[in-house]
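Engineer: Here's a structure for you.
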Amino acid sequence: MGAQIMFYILAAVILIFSFLAVTSRKVMRATVYLLFVLLATAGLYFIIDYNFMAGIQLIVYAGGIVALIVFAVMLTERIGDKIEGPSTMQMILAALVSVIGAGVTISVLLGHNFKQASQDVGQDVSRIGENLLNYGDGGYVLPFEVVSILLLASMIAAIVVAKRKFEN
Amino acid sequence: MIQGIGVTDFFIISTLMFFMGVYGFITRKNLITILIAIELILNAVAINFVIINKYLYPEGLHGQIFSIFIIAVAAAEVAIAIAIVIDFYRTHKSVSVEEGEMMKY
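Taken in sequence, the protein lines are chains R and S.
Mapping of the first sequence onto our numbering: position 96 corresponds to residue 1567, and the numbering continues sequentially without gaps.
Mapping of the second sequence onto our numbering: position 85 corresponds to residue 728, and the numbering continues sequentially without gaps.
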């Protein structure tokens, strides 16, 4: 019962703040609303007992990515300035696209009968680590290494792009 | 698993979150707010992977591991995007997509 109430609270937080994050006219506020959405998502992972995923969500998303976006906002915007909103026509068309897309997806979801697993399997974090480094059947060592190269490349690229000298 | 909450409830939340991200991606004109909309979309997809892992295939780990990769790719993407935004700001004195039409013609 408690978990059920918690689920509805987190769902309401996610829906309200993701709406505010895409409609707020102040960039810093939109960033903070995004932070609330990511924290509520971590909460969802906690109530389904995936503590490791929730930890990653908190550290990488809520901690790292939001901090980067906040830095970018502080370097490029005057805090408190309102940004230009969309034109009414654009707003109506975008709302139409989103509502139709969401309606079609939800109607398909409600019509489909998902075969839910009957029993709950206990969660063991060490299995995730062993799978990430396993090079046998069903192991994930190749994508793991590819992602590590990707992170290194993006780190170098970010430094190169941001340090570029240009002459006026 | 939570009593009375099925897999469809989670999917409806992530669907709505995804399409709010799409709405923001279309209507926003500021580069950083477009980035925020992309984060919403990626986060909705990550929720889907985790929920499918938990509710439909609890004995496997594929959903969680793909979510971890999505989060890692999102981190790399944001690092590059922020570097580009800051460089864009230094050359154009603005972060509005309307200004970035140098390569349009």
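Ideal Cβ positions, reconstructed from N, Cα and C, are used throughout, including at glycine.
These numbers come from a predicted model, not from an experiment.
Measure from the C-beta of Val1493 (chain R) to each C-beta in chain S and report whether the shortest distance is under 8 Å.
Structural biologist: The residue labelled residue 1493 (chain R) in the question sits at position 22 within the first sequence. Closer than 8 Å: yes.
Engineer: Restricting to Cα atoms, I'd like to know which of R:Tyr1479, R:Gln1475, R:Val1484 and R:Val1493 is closest to Ala1566 (chain R).
Structural biologist: For the purposes of this step, residue 1566 (chain R) is identified with residue 95 of the first sequence, where counting begins at 1. Checked all of R:Tyr1479, R:Gln1475, R:Val1484 and R:Val1493; the closest Cα to Ala1566 (chain R) is R:Val1493.
Engineer: Met1626 (chain R) touches chain S at which residues, Cβ-Cβ below 9 Å?
Structural biologist: Your numbering for residue 1626 (chain R) matches position 155 in the first sequence. Within chain S, the residues near Met1626 (chain R) are Ala719 and Ala722.
Engineer: Residues in the stretch 1588 to 1610 of chain R with C-beta within 8 Å of chain S's C-beta atoms, listed in sequence order?
Structural biologist: Taking 8 Å as the Cβ-Cβ cut-off against chain S, the residues of the stretch 1588 to 1610 of chain R that qualify are Ala1588, Gln1590, Asp1591, Val1592, Arg1598, Ile1599, Asn1602 and Leu1603.
Engineer: Grouping DSSP H, G and I as helix and E and B as strand, with all else coil, what is Ser1435 (chain R)?
Structural biologist: Coverage of chain R is limited to positions 1472 through 1639, which leaves residue 1435 (chain R) absent and any answer about it impossible.
Engineer: Is it buried or exposed, Phe1488 (chain R), if we count other Cβ atoms within 10 angstroms and call 16 or more buried?
Structural biologist: Start at 1 with the first residue of the first sequence, and residue 1488 (chain R) comes out as number 17. By the neighbour-count rule (16 or more Cβ atoms within 10 Å), Phe1488 (chain R) is buried.
Engineer: For the stretch 1528 to 1542 of chain R, enumerate the residues whose C-beta is nearer than 9 Å to any C-beta of chain S, in chain order.
Structural biologist: Residues Gln1528, Val1531, Tyr1532, Gly1535, Ile1536, Val1537, Leu1539, Ile1540 and Phe1542.
Engineer: Leaving out the 5 sequence neighbours to the left and right, which residues in its chain are closer than 6 Å to Ile656 (chain S) when beta-carbon positions are compared?
Structural biologist: Along the second sequence, read from residue 1 onward, the residue named residue 656 (chain S) stands at position 13. Excluding sequence neighbours, Ile656 (chain S) sits near nothing in its chain.
Engineer: Quick check: what's the CA-CA separation for Lys1586 (chain R) versus Gly1526 (chain R)?
Structural biologist: Against the first sequence, residue 1586 (chain R) aligns to sequence position 115. Against the first sequence, residue 1526 (chain R) aligns to sequence position 55. If you take the alpha carbons of Lys1586 (chain R) and Gly1526 (chain R), they lie about 28 Å apart.
Engineer: Can you round the beta-carbon distance between Met1632 (chain R) and Asp730 (chain S) to whole angstroms, since I take them to be within the 8 Å contact cut?
Structural biologist: Reading the first sequence from its first residue, position 161 is the one you call residue 1632 (chain R). Reading the second sequence from its first residue, position 87 is the one you call residue 730 (chain S). The question names Met, yet the displayed sequence has Val at residue 1632 (chain R). Between Asp730 (chain S) and Val1632 (chain R) the Cβ distance is about 5 Å, and since that is below 8 Å, they are a contact.
Engineer: Are there 16 or more other CB atoms within 10 angstroms of the CB of Tyr698 (chain S), so buried, or fewer, so exposed?
Structural biologist: In the second sequence, counting from the first residue as 1, residue 698 (chain S) sits at position 55. Result: buried.
Engineer: In chain R, which residues lie with their C-beta within 8 Å of the C-beta of Asn686 (chain S)?
Structural biologist: In the second sequence, the residue the question calls residue 686 (chain S) occupies position 43. Within chain R, the residues near Asn686 (chain S) are Val1508, Leu1509, Thr1512 and Tyr1532.
Engineer: Between the stretch 1559 to 1588 of chain R and chain S, which residues of the former have a C-beta closer than 8 Å to a C-beta of the latter?
Structural biologist: The residues in question are Gln1561, Met1562, Leu1564, Ala1565, Ala1566, Val1568, Ser1569, Val1570, Gly1572, Ala1573, Thr1576, Ile1577, Leu1580, Leu1581, Phe1585, Lys1586, Gln1587 and Ala1588.
Engineer: Does any CB atom of chain S fall closer than 8 Å to the CB of Leu1484 (chain R)?
Structural biologist: Residue mapping note: residue 1484 (chain R) aligns to position 13 of the first sequence, counting from 1. At residue 1484 (chain R) the sequence reads Val, which differs from the Leu that was named. For Val1484 (chain R), the answer is no, since every Cβ of chain S falls outside 8 Å of its Cβ.
Engineer: Are any of the Cβ atoms in chain R nearer than 8 Å to that of Asn673 (chain S)?
Structural biologist: Here the question's residue 673 (chain S) lines up with position 30 in the second sequence. With 8 Å as the cut-off, Asn673 (chain S) counts as an interface residue toward chain R.
Engineer: Looking at Ala1513 (chain R): is its Cβ nearer than 8 Å to the Cβ of Leu1539 (chain R)?
Structural biologist: Stepping through the first sequence from its first residue, residue 1513 (chain R) is reached at position 42. Stepping through the first sequence from its first residue, residue 1539 (chain R) is reached at position 68. Taking 8 Å as the Cβ cut-off, Ala1513 (chain R) and Leu1539 (chain R) do not qualify as a contacting pair.
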